[in-house]
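Okay, structure first, notes after.
In this note's numbering, the protein residues as written are 2 to 443.
So, in structure tokens, the structure goes:
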């Protein structure tokens, strides 16, 4: 049976901006390109087909390829012609995973990354959206892709009371919702996307210097986990936006566990139903709502350990070096974790780019994690990881100059549970050169 992977390729040229004349040019990049990394999760050669859909549902182009067993391939530039603005569906006869990198150019250059969706949902939660937020204002926009087989009727309900839709989206196609052209009463808010067909959503957060990206959530957890939190670390800060996707208000406690620096602490805030609150940012700046030490360096992980009315929660983690770079990743549901996590894009000195990842034990017992990398004998052994602990691995100068491949990390026992987050970094050059994506549980 063919297995489908749904991928957003949201923008590939200046045409996107030209087609959206209400976007203030000072708040967006003048051109965008995208690249796709696809990893074959089986030992058998995968036959893949890549179909590019215009936003009206017509097919722009398609391509076929093979990916060796346990291997990965990069599609950059992609197959669609310059000016393409749409979505992609990748079909395969083997199980695959994919990461999308989006690069923006203008007065500055920036990049962002997100994981392609394996399937859609009729309700999708978006914890963090913005309009004119900050002194160098951040705005967001997102694409909703119809992953169903018939036309989808899509509506957006924002937490500030604004609505958008209904919009009809053809199968395979995507529609762009731009918050800078909408009327919003607050600068930071969340949203729920509802649809008559399953949909997937990718969100871009940007100002003229920095870009973030994340995938919408089709389900939540009462105790989401976040493998990487940086605070007061070489200029980096972290903001965690937690959305209450349930129907009742709840008091949420987030517990921070250090791995490389800092002291364990907790933060508690009450989140009304359908709303979201920002964690970590104030806690590590001033100690607000927390037992954390303001301005103290912290490098570690976080997990929701209190949720007074057991509501469904989703979370986005933004890592930011103000005015320099930043990126987002989604919090994990520990109940969905497995003992194996794959990372489709790993680099070592690839035109200056390298990766680093945090792998976190979200199970109930200590475990050891072993990581292998495609096309090389290089391996990593984390040693014993206690529950809630994370291990950091940096690939720079570790594998081979010019290395581009993938990684698979496996915990010792079949019942163990791990998650991971990957940073892609290029140092020493101007622009936002930090991209982050979530490891994919297998």
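The beta-carbon is built from N, C-alpha and C at its ideal position, and this holds for glycine as well.
Check	Outcome
Should residue 159 go down as buried or exposed, given a rule of 16 or more other Cβ atoms within 10 Å for buried?	buried
Would you kindly report the start and end of the unbroken alpha helix (DSSP H) that includes residue 285?	284–287
With DSSP run on the structure shown, which of helix, strand or coil describes residue 63?	strand
Can you tell me whether DSSP reads residue 158 as helix, strand or coil?	strand
Alpha carbon to alpha carbon, how far is residue 350 from residue 398?	7 Å
Please say whether residue 357 and residue 394 have beta carbons closer to each other than 9 Å?	yes
Use the C-beta contact count for residue 392: other C-beta atoms within 10 angstroms, 16 or more gives buried, fewer gives exposed.	buried
In the structure shown, what three-state DSSP assignment does residue 150 receive?	coil
Considering only the alpha carbon of each residue, which of 166, 189, 326 lies closest to residue 196?	166
Opposite residue 382 in the DSSP bridges: which residues?	371
Would you call residue 249 buried or exposed, if buried means 16 or more other Cβ atoms sit within 10 Å of its Cβ?	exposed
Going straight from the alpha carbon of residue 59 to that of residue 36, what length do you get?	21 Å
What I want to know is whether the C-beta of residue 209 ends up closer than 8 Å to one or more non-hydrogen atoms of the ligand GTP.	In terms of ligand content, the structure shown is empty, and the ligand GTP therefore cannot be addressed.
Tell me whether residue 175 sits in a helix, a strand or coil according to DSSP, three-state version.	strand
Look at the Cβ atom of residue 401, then the Cβ atom of residue 379, and state whether they are nearer than 9 Å.	yes
Which residues mark the beginning and the end of the beta strand (DSSP E) in which residue 110 is found?	110–116
For a quick check, are the C-beta atoms of residue 241 and residue 170 less than 9 Å apart?	no
Consider the Cβ of residue 426: report whether some Cβ of chain D lies at a distance smaller than 9 Å.	In the displayed structure, chain D is absent; only one protein chain is listed.
Please classify residue 57 as buried or exposed, where buried requires at least 16 neighbouring CB atoms within 10 angstroms.	exposed
Could you say which of 164, 327, 42, 305 lies nearest to residue 104 if we only look at CA atoms?	327
Per DSSP, what kind of secondary structure is residue 336 in: helix, strand or coil?	helix
If you run the structure through DSSP and keep just helix, strand and coil, what is residue 399?	coil
Between 174, 164, 51, which has its C-alpha nearest residue 182's C-alpha?	164
For the segment 298–354, list the beta strand (DSSP E) runs that are entirely contained and at least 3 residues long, ordered along the chain.	299–308, 314–322, 326–331, 341–349
Need the endpoints of the beta strand (DSSP E) that residue 163 sits in, please.	Element bounds for residue 163: n/a, residue is neither H nor E.
Output the boundary residues of the beta strand (DSSP E) element that contains residue 276.	First-last for residue 276: undefined, no H or E at that position.
From 154, 129, 139, pick the residue whose C-alpha is nearest to that of residue 161; which is it?	129
Quick one: what's got a C-beta closer than 8 Å to residue 97's C-beta in the same chain, skipping five residues either side?	4, 6, 39, 40, 41, 42, 47, 49, 68, 91
Helix, strand or coil: how does DSSP classify residue 93 here?	strand
Using C-beta distances below 8 Å, list every residue in its chain close to residue 297, excluding the 5 sequence neighbours before and after it, in chain order.	232, 233, 263, 264, 285
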